[in-house]
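Participant: Every letter in the sequence shown is one number past the one before it in full-length UniProt numbering, and letter 99, counting from 1, is 99. We put the CB at the ideal spot given by N, CA and C, even for glycine.
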Amino acid sequence: MSSHNEHQDQSVNRPPSRKEMSRRQFLTYTLGGATAFMGVGAILPMIRFAVDPILHKKGAGDFIKVAEVSKITDEPQEFTFELKQQDGWYASTATLTAWVRKNDRGEIYALSPICKHLGCTVGWNNNKATPDEYHCPCHGARYTKEGRNLAVAPKPLDQYKTKIENGWVYLGDIVPNTEAAREA
Ligand code: FES
């Protein structure tokens, strides 16, 4: 009797054999691996959804159809256009203005109206005392037709990247002025 009980106790307290251990490990690894696989499969699309808009900032680098080439003369004309922007999840529309003209070589360029002094908006031929110039109403900055700074502002007016396609003028990003340097 006592020897039977001893035998039973030994079998209960006996450490798990090598075979039982590896089966348990196998199940643990298999279930763990399957759970991790399913988890990654479920989470990846969410991560992609979350990160995708951040990676694709839309608006910069695009060209926008602004004016017909046939309408552009050597006199600066004001055109407004809309730029749709997508920054992450935030969609917005900015209304921009450009002063567009043809130079003596027949090339079309477009100037930004943002004054290089403190950022007010310049106008063309809007000051009788200094005709045929861009004038800033805030502190009196003046610029030539090509955007060269004549007074107050430290730099020429910026330009838009310009592209001509199928009889239309397209404008892109704002870049430093090259037209004023040609004029000088
Ligand atoms: S902001 Fe244009 S002159 Fe000051």
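If contact is defined by three or more beta carbon pairs under 8 Å, each pair taking one atom from either stretch, is the segment 71-87 in contact with the segment 97-109?
Facilitator: yes
Participant: Pick out every residue whose C-beta is nearer than 5 Å to a heavy atom of the ligand FES: which are they, in chain order?
Facilitator: C115, H117, L118, C120, C136, C138, H139, A141, V152
Participant: Check whether the segment 169-177 touches the segment 119-128, counting contact only when three or more Cβ pairs, one atom from each stretch, lie closer than 8 Å.
Facilitator: no
Participant: Given this structure, state the Cα-to-Cα distance separating R170 from K102, to the nearest angstrom.
Facilitator: Taking the first residue of the sequence shown as 1, we reach residue 170 at position 170. Taking the first residue of the sequence shown as 1, we reach residue 102 at position 102. Residue identity check: residue 170 is Tyr in the sequence provided, not Arg. Cα to Cα, the separation comes out at about 14 Å.
Participant: In three-state terms, what does DSSP make of K71?
Facilitator: Counted from its first residue, the sequence shown places residue 71 at position 71. If DSSP states are grouped into helix, strand and coil, K71 belongs with the helices.
Participant: Round the Cβ separation of I108 and I72 to the nearest angstrom and send it over; I've been treating them as touching at under 8 Å.
Facilitator: Taking the first residue of the sequence shown as position 1, residue 108 is located at position 108. Taking the first residue of the sequence shown as position 1, residue 72 is located at position 72. Rounded, the Cβ-Cβ distance is 5 Å, consistent with contact.
Participant: From the DSSP output, which residues share a beta bridge with V169?
Facilitator: Locating residue 169 in the sequence shown gives position 169, counting from the first residue. Per DSSP, A67, I164.
Participant: If you reduce the DSSP assignment to three classes, tell me which class A180 lands in.
Facilitator: Within the sequence shown, the letter at position 180 stands for residue 180. In this structure, A180 counts as helix in the three-state DSSP scheme.
Participant: Going by other Cβ atoms of all chains shown within 10 Å of its Cβ, with 16 needed for buried, is P113 buried or exposed?
Facilitator: Here residue 113 is taken as the residue at index 113 of the sequence shown, counted from 1. With 16 or more other Cβ atoms within 10 Å, it is buried.
Participant: Ignore the nearest five residues each way along the sequence and tell me which others in E146's own chain have a CB closer than 6 Å to its CB.
Facilitator: For the purposes of this step, residue 146 is taken as the residue at position 146 of the sequence shown. Excluding positions up to five away in sequence, the list reads E179, A180, E183.
Participant: Are the beta-carbon atoms belonging to A151 and A141 less than 8 Å from one another?
Facilitator: Reading the sequence shown from its first residue, position 151 is the one you call residue 151. Reading the sequence shown from its first residue, position 141 is the one you call residue 141. Yes, they are a contact pair.
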